[in-house]
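Visitor: In my numbering, the protein residues as written are -7 to 467.
By construction, the Cβ of each residue, glycine as well, lies at the ideal position given by its N, Cα and C atoms.
In this text the structure is predicted, and so the values were computed from the model without any measurement.
Before anything else, here's the structure in question.
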């Protein structure tokens, strides 16, 4: 039997506000346990929530970026459940009337992934194991941190599509400045709903929710394991029970944590301490003016204005840092294609090998600009530039021009110096010359290679080709 895979994703995006969503406590990461736990976070009697306006603005900004319907009227609700790291015994969230509905992102060959809703809520704290002797500690630094929970329709049909959506969402929320995207710190976490059904059936299968996936690699492994597990269970005649599961990256397996709750289990009701949220058209217009160019528009512009190919344009817009770095280089008058090739090729290869972001590159902008200038003005060849690049990576204080001189990498562009080399190669390679005269283009390239070898790689390849062609035409 063949099976259809059905996937929906709920993503918790931590909004980049300085303070929590319902209090003035700091959201700074890495503080000592409970340093950011104010009286509101601790649920002291008599404390009242006050909505953070910046969190609302960032939610609206995201909604505009994904073409969502932004609710003029939305309501905060109490979601009742008890965990030790949720002092109130309920979470302030949104249920029936969320701030955003009906957006979308596109992936791959323009496949639309529908966003059902996105709602504002507060994060819970964290249970800490293994520090206190035979006890669990509670760290409430995260309690009250502003989240935007983004919920898709079940529109993805493979782990690859789920990863493509998650990566595009991850890039977008960073690009527009509503989230720092730091998955290791929990700023971007995905819960993935997975089900399978016999191919062609309309009715969806029973889903299981994989909680708190904070890396794309883990997400792909978890989905693939879960899909195979569910198919095996169904083919063995077993039923799938709706449940919440955890992924163990050490074993590559998912395991059931608890049966899945439904909305009625949470006993939602409007929070009496918070007024309904009202958003005006003026609010939306003001925020729209700060949105700027979105990644898909930037890709089209790079292709149109700089004649880059789609693949390079996509990589250069894969995150805001890379795009801003490219733009800063172009603003210095550098050739866009040469610059794009060096970022996408040499720089990214080094960054990926060392698991670094572009902001962590040891080569600064000024050095990169000078290196590309020396390629553009034909002071050095591309191969020579790669040697300088390696030096810069290992020692950021290296002087580009001094290194070119000291290593003898300066390219020979003087035709009077190149001509004798060409003539010598022609005289010593009559077989190749005859092959060229008989119409074999490869022979010409081989002769160019011989001249470059004789010059020890210092001759300008373009001039070598021109002079060689002139000399051969005289024969």
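1. If you reduce the DSSP assignment to three classes, tell me which class residue 21 lands in.
2. Given residue 151, which residues of its chain have a CB within under 7 Å of its CB, disregarding the five upstream and five downstream residues?
3. So for residue 323, helix, strand or coil by DSSP?
4. Considering only the beta carbon of each residue, do residue 33 and residue 129 sit closer than 8 Å?
5. I need the boundaries of the beta strand (DSSP E) containing residue 4, first residue and last residue.
6. Who are the Cβ neighbours of residue 209 in its own chain at under 6 Å, not counting the five residues just before and after it?
7. Would the beta-carbon of residue 51 fall within 8 Å of that of residue 92?
8. Is the segment 303 to 322 touching the segment 182 to 199 in the sense that three or more CB pairs, one from each, lie closer than 8 Å?
9. Residue 86 and residue 67: beta carbons closer than 8 Å?
10. What are the start and end residues of the beta strand (DSSP E) that includes residue 95?
11. Let's see if you can read the secondary structure: which residues bound the beta strand (DSSP E) around residue 247?
12. Mind checking residue 110: buried by the 16 CB within 10 Å criterion, or exposed?
13. Over the uninterrupted beta strand (DSSP E) stretch that includes residue 235, give me the two end residues.
14. Whose C-beta lies closer than 7 Å to the C-beta of residue 75 among residues of the same chain, with five residues either side of it excluded?
15. Sort -5, 80, 171, 356 by Cα distance to residue 10 and report the nearest one.
16. Cα-Cα, which of 314, 327, 119 is closest to residue 351?
17. Which residue wins for smallest C-alpha separation from residue 359, given the options 349, 47, 334?
18. Taking all protein chains shown into account, do 16 or more other C-beta atoms lie within 10 angstroms of the C-beta of residue 83, making it buried, or fewer, making it exposed?
19. Return the CA-CA distance between residue 181 and residue 132, expressed in angstroms with no decimal places.
20. Taking 7 Å as the limit between beta carbons, can you name the residues of its chain near residue 39, skipping five residues before and five after?
21. Quick one: does residue 208 have its CB under 8 Å from some CB of chain B?
22. Return the CA-CA distance between residue 264 and residue -4, expressed in angstroms with no decimal places.
23. Counting only the same chain and skipping the five closest in sequence on each side, list residues whose C-beta sits under 8 Å from that of residue 276.
24. At a cut of 8 Å, does the segment 233 to 240 reach the segment 159 to 171 through at least three beta carbon pairs?
25. Between which residues of its own chain and residue 435 is the CB-CB distance below 7 Å, once the five residues before and five after are set aside?
26. Which of the three DSSP states is assigned to residue 185 in this structure?
27. Can you name the start and end residues of the beta strand (DSSP E) that residue 129 belongs to?
28. Once DSSP output is grouped into helix, strand and coil, what is the label at residue 351?
Guide: Per the coordinate set shown:
1. Taking the chain shown and counting its residues from 1, one reaches residue 21 at position 29. DSSP places residue 21 in coil when its eight states are reduced to three.
2. As a working note, residue 151 is residue 159 in the chain shown. Within the same chain, residue 151 has close Cβ partners 212, 215, 216.
3. Along the chain shown, read from residue 1 onward, the residue named residue 323 stands at position 331. DSSP places residue 323 in coil when its eight states are reduced to three.
4. Translated into the one-based positions of the chain shown, residue 33 becomes position 41. Translated into the one-based positions of the chain shown, residue 129 becomes position 137. No, Cβ-Cβ distance for residue 33 and residue 129 is not below 8 Å.
5. Along the chain shown, one-based indexing puts residue 4 at 12. Here the beta strand (DSSP E) through residue 4 covers -5 to 6.
6. Here the question's residue 209 lines up with position 217 in the chain shown. If we look at residue 209 and ignore the five residues flanking it on each side, it has no Cβ neighbours.
7. Along the chain shown, one-based indexing puts residue 51 at 59. Along the chain shown, one-based indexing puts residue 92 at 100. Going by C-beta atoms, residue 51 is nearer than 8 Å to residue 92.
8. no
9. Along the chain shown, read from residue 1 onward, the residue named residue 86 stands at position 94. Along the chain shown, read from residue 1 onward, the residue named residue 67 stands at position 75. In this structure, residue 67 lies closer than 8 Å to residue 86 by Cβ.
10. Counting from one through the chain shown, the residue named residue 95 turns up at place 103. It spans 92 to 99 - the beta strand (DSSP E) in which residue 95 sits, taken as one unbroken run.
11. In the chain shown, counting from the first residue as 1, residue 247 sits at position 255. First-last of the beta strand (DSSP E) with residue 247: 245 to 251.
12. Residue mapping note: residue 110 aligns to position 118 of the chain shown, counting from 1. The residue in question, residue 110, is buried, as its Cβ has 16 or more Cβ neighbours within 10 Å.
13. Counted from its first residue, the chain shown places residue 235 at position 243. 235 to 240 is the span of the beta strand (DSSP E), which, as asked, contains residue 235.
14. One-based indexing of the chain shown puts residue 75 at position 83. Hits under 7 Å: 116.
15. In the chain shown, counting from the first residue as 1, residue 10 sits at position 18. Checked all of -5, 80, 171, 356; the closest Cα to residue 10 is 171.
16. Position 359 of the chain shown, counted from the start, is the residue given in the question as residue 351. Out of 314, 327, 119, 314 has the C-alpha closest to the C-alpha of residue 351.
17. For this step, residue 359 is matched to residue 367 along the chain shown. Among 349, 47, 334, the Cα nearest to that of residue 359 belongs to 334.
18. Position 91 of the chain shown, counted from the start, is the residue given in the question as residue 83. It counts as buried.
19. If you number the chain shown from 1, residue 181 lands on position 189. If you number the chain shown from 1, residue 132 lands on position 140. When rounded, the distance between both Cα atoms is 18 Å.
20. Within the chain shown, numbered from 1, the residue matching residue 39 stands at position 47. Correct list, in chain order: 31, 32.
21. Protein chains in the displayed structure number just one, and chain B is not present.
22. Residue mapping note: residue 264 aligns to position 272 of the chain shown, counting from 1. Residue mapping note: residue -4 aligns to position 4 of the chain shown, counting from 1. One C-alpha to the other measures close to 44 Å.
23. Walking along the chain shown from the start, residue 276 turns up at place 284. If we look at residue 276 and ignore the five residues flanking it on each side, its Cβ neighbours are 52, 56, 62.
24. no
25. By one-based count along the chain shown, residue 435 stands at place 443. The residues are 424, 427, 428.
26. Along the chain shown, one-based indexing puts residue 185 at 193. Reduced to three states, the DSSP call for residue 185 is strand.
27. Counting from 1 along the chain shown, the entry for residue 129 is found at position 137. Per DSSP, residue 129 belongs to the beta strand (DSSP E) from 129 to 131.
28. The count along the chain shown starts at 1 and reaches residue 351 at position 359. Note: residue 351 maps to helix in three-state DSSP.
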